[in-house]
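Accompanying notes for the structure given below.
Number of protein chains: 2
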Amino acid sequence: MANTSATQEVADYLLASKRCEILGLDHLLHMGRLVAAVSDLVHALQQERGLSNLHVASRGERAGERLARRVEETRDREQAFRERLAELDTQRLCSPGFVRLFARIAYALHGLDELRAVRREIRGLKLSPEAIIEGYSELVRGLLAVVFEAADAAADPDISRVLVAMFHLMQGKELAGQERAVGAAGFARGGFDEPLSGRLQQLIDHQERCFQIFMEFADSRSLDAWRGAISREAMTTLERFRRIAFASVQEGQAEQSLCDDWFELTTARINAIKEVEDRLEVALTELCARKLEDARADLDKHRIELDTLVEQPGPGSFAIFYDPPADAPPVEETYDAGCASPRLGRSLIDLVQSQSLRLHEMGEQLREAQAALEERKSIEKAKGLIMTHRDMTEDEAYRFMRKLAMTQNKKLVDVARATIDLADMFKGVGR
Amino acid sequence: MANTSATQEVADYLLASKRCEILGLDHLLHMGRLVAAVSDLVHALQQERGLSNLHVASRGERAGERLARRVEETRDREQAFRERLAELDTQRLCSPGFVRLFARIAYALHGLDELRAVRREIRGLKLSPEAIIEGYSELVRGLLAVVFEAADAAADPDISRVLVAMFHLMQGKELAGQERAVGAAGFARGGFDEPLSGRLQQLIDHQERCFQIFMEFADSRSLDAWRGAISREAMTTLERFRRIAFASVQEGQAEQSLCDDWFELTTARINAIKEVEDRLEVALTELCARKLEDARADLDKHRIELDTLVEQPGPGSFAIFYDPPADAPPVEETYDAGCASPRLGRSLIDLVQSQSLRLHEMGEQLREAQAALEERKSIEKAKGLIMTHRDMTEDEAYRFMRKLAMTQNKKLVDVARATIDLADMFKGVGR
Chain R
1 MANTSATQEV
11 ADYLLASKRC
21 EILGLDHLLH
31 MGRLVAAVSD
41 LVHALQQERG
51 LSNLHVASRG
61 ERAGERLARR
71 VEETRDREQA
81 FRERLAELDT
91 QRLCSPGFVR
101 LFARIAYALH
111 GLDELRAVRR
121 EIRGLKLSPE
131 AIIEGYSELV
141 RGLLAVVFEA
151 ADAAADPDIS
161 RVLVAMFHLM
171 QGKELAGQER
181 AVGAAGFARG
191 GFDEPLSGRL
201 QQLIDHQERC
211 FQIFMEFADS
221 RSLDAWRGAI
231 SREAMTTLER
241 FRRIAFASVQ
251 EGQAEQSLCD
261 DWFELTTARI
271 NAIKEVEDRL
281 EVALTELCAR
291 KLEDARADLD
301 KHRIELDTLV
311 EQPGPGSFAI
321 FYDPPADAPP
331 VEETYDAGCA
341 SPRLGRSLID
351 LVQSQSLRLH
361 EMGEQLREAQ
371 AALEERKSIE
381 KAKGLIMTHR
391 DMTEDEAYRF
401 MRKLAMTQNK
411 KLVDVARATI
421 DLADMFKGVG
431 R
Chain S
432 MANTSATQEV
442 ADYLLASKRC
452 EILGLDHLLH
462 MGRLVAAVSD
472 LVHALQQERG
482 LSNLHVASRG
492 ERAGERLARR
502 VEETRDREQA
512 FRERLAELDT
522 QRLCSPGFVR
532 LFARIAYALH
542 GLDELRAVRR
552 EIRGLKLSPE
562 AIIEGYSELV
572 RGLLAVVFEA
582 ADAAADPDIS
592 RVLVAMFHLM
602 QGKELAGQER
612 AVGAAGFARG
622 GFDEPLSGRL
632 QQLIDHQERC
642 FQIFMEFADS
652 RSLDAWRGAI
662 SREAMTTLER
672 FRRIAFASVQ
682 EGQAEQSLCD
692 DWFELTTARI
702 NAIKEVEDRL
712 EVALTELCAR
722 KLEDARADLD
732 KHRIELDTLV
742 EQPGPGSFAI
752 FYDPPADAPP
762 VEETYDAGCA
772 SPRLGRSLID
782 LVQSQSLRLH
792 EMGEQLREAQ
802 AALEERKSIE
812 KAKGLIMTHR
822 DMTEDEAYRF
832 MRKLAMTQNK
842 KLVDVARATI
852 DLADMFKGVG
862 R
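As they're listed, the protein sequences go chains R and S.
Letter by letter, the first sequence follows residues 1 to 431 in the working numbering.
Letter by letter, the second sequence follows residues 432 to 862 in the working numbering.
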């Protein structure tokens, strides 16, 4: 009897392990919905940013009505985002990834709270276009950070892959939006100077890295959607506009009339990227639902198997660990006469081993998917170092690095890595 | 009012983030107690293994009474281990690390369940000494795997460091126990052959790597305990015995009378290591308790700060993200007349930023501590590959690798890495 109850304990822990996994997958299903809401909200904010900018730059003469309508739509998206948030069970979740996730959500919510006052100031034409762009961009950055933490905290490698693809697609789209703004500014003033063309180049490079990572991790149907969405003709036209922009630095001017075409072209591109996001979102939801179903079926199967095993306990033996030496009698013969076969032990071991082997493989695959997030983590770390050493805010530190990258004609991540190496070196000197 | 309630939401997520951290630390405090119970249980099992071996090898003539007493003590330790387990809240915990942890606990519990039948067989002299050693060692390996997962799942870098030190100290002690058995076998039969001396060399190398990692991660007081426990004289004597063992391969013999001295010397060493474990355990408990206290004080502080801030809300602004261009009026002047200073926004941002910066630094330090666990993970992965490709059980695969390492005179981890590289290469060919 004591033996049976002890074996029950083994079964309980195996089932607890499986239930843990299910709870994690259920959480990912909710996170998937939250990410979809973030995707919609970011898209609305990106459009509101463009219209606000136009409205303020024209001293209130243009886009007033469209802006008012857009603000209503953004509010709906914000409402949907808050509803998805309310579904997350903050009491049940407790792991390092979620600690960061909640801090990111707090930061994003704070940005949304501030938006109300900012909109009043925009209506009163009290903010500069630069302040508007920086402000909305920071809010978008805060929302993307929520997606980043969701990707980083995901425990399932397949779902993690889709979330990594999603984060980089959203990040690339935001950079495409910033490229639209920088390009529009350059064409509007009839040409690009060195700083503006430098910023443009940086946005193009960073975008391409993001889309590469997206392509590396996306499922095949989302990849098809990506290839279908961005036609070769549209890309050729975009490249031609970019070439004109860079050429204008030497030539001293670009046709101002190109501004509207540029805006239209890049807007169509951004909307096409949003459609790929939606497609990826469907893939994410389907994947989460399928995984959850599989895990639940697995749990039921385990439960039945374990019930059968626990009902027919036989005293176990170390036989399973034991290669008999050549001169020893076969292990089976050494059993007490009253003993059943070591079926229970064997089956439990099989269950535990297949469970732990699977978990181990998942861990490996997970690390591979998460390696794609390392680049961003380097940037975050360097930012932290700069914040500490130069007593800057997060945003100041980010812009400091961006400026360094631009003047040194380097990638942001290379500047970040150099910063970290330097700090490590000095730490060594200080010892 | 709407603004206040929205700000309340920001505060809620910040507090949820902090509560998450506290729940994690509280769990680590429990895990610390569980690890202490594992340390005691493993020590008892190691002694029971030695006495069982002696009892069976002497055909029941020696150590019968001492073994019976030792079994009682092991049962007490097992009971304590099960009580600590019962304190773990399997319902509250849900993260990838815990999925593995629970599977490991199930495996260890199953091994303990089997122990009852094994003891009957030992009393009936029905198991060979080799089977006894392999069986107990597998059980100890299962228990150490619980400590490994605890170290791997710990979210606090300082606590993770102590757990990494603890795992490697316990692992080193187990290897010292195996060295005792191998040495005793060699001296008892009057000399070491090639396989036995090869195994001895491997155990010495592996032990040293474990103790190096322990020294790298242990706190200073545990290091003092380590230096005090293993006196220079004892180490010199141990090295002399080891030299005699290796020399006997060429010379063909070693004094049989050395066997008892060897056993006494290595037993004293193992007991000394256990004392260091106990010291490290105290450090772990103190650290967990202190961290938990700090985090709770932090939560209270945050709560008061946030209450004050939420009670005096002022509409925020993007000013904090915004470097005014040189020709723009100071930002403050652009505020609506009725607005308070952006103190709320500023303070919330400070809170969120300090929280997220701290979490980021913790993540970095955590990865450093966990890198020490990578070696073992490589071995686990290689084992999994061998299990799949050669259709072996976990234990067979482990012994297969160990044999490979011995015949090729390589470290186990090098064999593991070579196995993984080979598998990756073949995967490439198959594409």
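Cβ coordinates follow ideal geometry from the N, Cα and C atoms, glycine included.
Distance between S/Glu569 and S/Gly555 (C-alpha atoms, nearest Å)
21 Å
Can you tell me whether R/Ala218 is helix, strand or coil according to DSSP?
coil
From S/Glu479 to S/Gln602, what does the alpha carbon distance come to, in whole angstroms?
17 Å
If you reduce the DSSP assignment to three classes, tell me which class R/Met392 lands in.
coil
Whole alpha helix (DSSP H) elements within the stretch 640–702 of chain S, 4-residue minimum
651–660, 663–682
Give me the Cβ distance between S/Arg658 and S/Ala714, rounded to the nearest whole Å; I'm assuming they're in contact under 8 Å.
Their Cβ separation, rounded to whole angstroms, is 15 Å, which puts S/Arg658 and S/Ala714 out of contact at 8 Å.
Taking the alpha-carbon positions, what's the S/Gln638 to R/Val162 distance?
42 Å
Relative to the C-alpha of R/Gln180, which residue among R/Ala416, R/Ala117, R/Ala405, R/Phe241 is closest?
According to the sequence displayed, residue 180 of chain R carries Arg and not Gln. Checking every option, the nearest Cα to that of R/Arg180 belongs to R/Phe241.
Less than 9 Å between the C-beta atoms of R/Arg146 and R/Arg104, yes or no?
Strictly speaking, residue 146 of chain R in this sequence is Val, with Arg absent from that position. Going by C-beta atoms, R/Val146 is nearer than 9 Å to R/Arg104.
Leaving out the 5 sequence neighbours to the left and right, which residues in its chain are closer than 7 Å to R/Asp298 when beta-carbon positions are compared?
Lys18
Does S/Gly495 pass the burial test, meaning 16 or more other C-beta atoms within 10 Å, or should it be called exposed?
exposed
Own chain residues within Cβ distance below 8 Å of R/Val249, not counting five before or after:
Gly191, Phe192, Asp193, Glu194, Ser197
Can you confirm whether S/His541, when its beta carbon is compared against all beta carbons of chain R, has any partner nearer than 9 Å?
yes
Could you pull the start and end residues of the alpha helix (DSSP H) that R/Glu73 belongs to?
64–87
Spatial neighbours of R/His168 within its chain, please: C-beta separation below 6 Å, excluding the five flanking residues on both sides.
Cys210, Ile213, Phe214
Using 10 angstroms around the beta-carbon of S/Asn840, count the other beta-carbons present and answer buried if the total reaches 16, otherwise exposed.
exposed
With burial defined as no fewer than 16 other Cβ atoms inside 10 Å of the residue's Cβ, what is the status of S/Gln687: buried or exposed?
exposed
Tell me the DSSP secondary structure of S/Ser448 in three-state form.
helix
Residue closest to S/Ala585, alpha-carbon to alpha-carbon, out of S/Tyr829, S/Ile453, S/Lys814:
S/Ile453
Counting only the same chain and skipping the five closest in sequence on each side, list residues whose C-beta sits under 6 Å from that of R/Tyr398.
Lys383
Is the Cβ-Cβ distance between S/Gly617 and S/Ala676 less than 9 Å?
yes
Do S/Ala656 and S/Leu711 have their C-beta atoms within less than 9 Å of each other?
yes
Here's the rule: buried if 16 or more other CB atoms are within 10 angstroms of the residue's CB, otherwise exposed. What is S/Glu670?
exposed
Could you list which residues in chain R have their beta carbon closer than 7 Å to that of S/Tyr444, in chain order?
Phe102, Ile105, Ala106, Leu109
Segment limits, alpha helix (DSSP H) that includes R/Gly172:
157–188
Does S/Asp507 come within less than 9 Å of chain R when only Cβ atoms are used?
no
May I have the straight-line CA-CA distance separating R/Thr7 from S/Leu797, to the nearest angstrom?
35 Å
Beta-carbon gap between R/Leu436 and R/His389 smaller than 9 Å
Lying before the first or after the last residue shown, residue 436 of chain R is absent from chain R, which here runs from 1 to 431.
Buried or exposed (CB count within 10 angstroms, at least 16 for buried), S/Ser876
With chain S running from 432 to 862 in the structure shown, residue 876 of chain S is simply not present.
Three-way DSSP call (helix, strand, coil) for R/Gln207 in this model
helix
Report yes if the C-beta distance between R/Arg457 and R/Glu174 is below 9 Å; otherwise report no.
Examination of residue 457 of chain R is not possible in this model, given that chain R is present from 1 through 431 alone.
For chain S, is any of its Cβ atoms less than 9 Å away from the one on R/Gly384?
yes
Neighbouring residues, chain S, relative to R/Phe98 (Cβ below 9 Å):
Ala447, Ser448, Cys451, Ser526
State yes or no: is the C-beta of R/Ala106 within less than 9 Å of the C-beta of S/Val441?
yes
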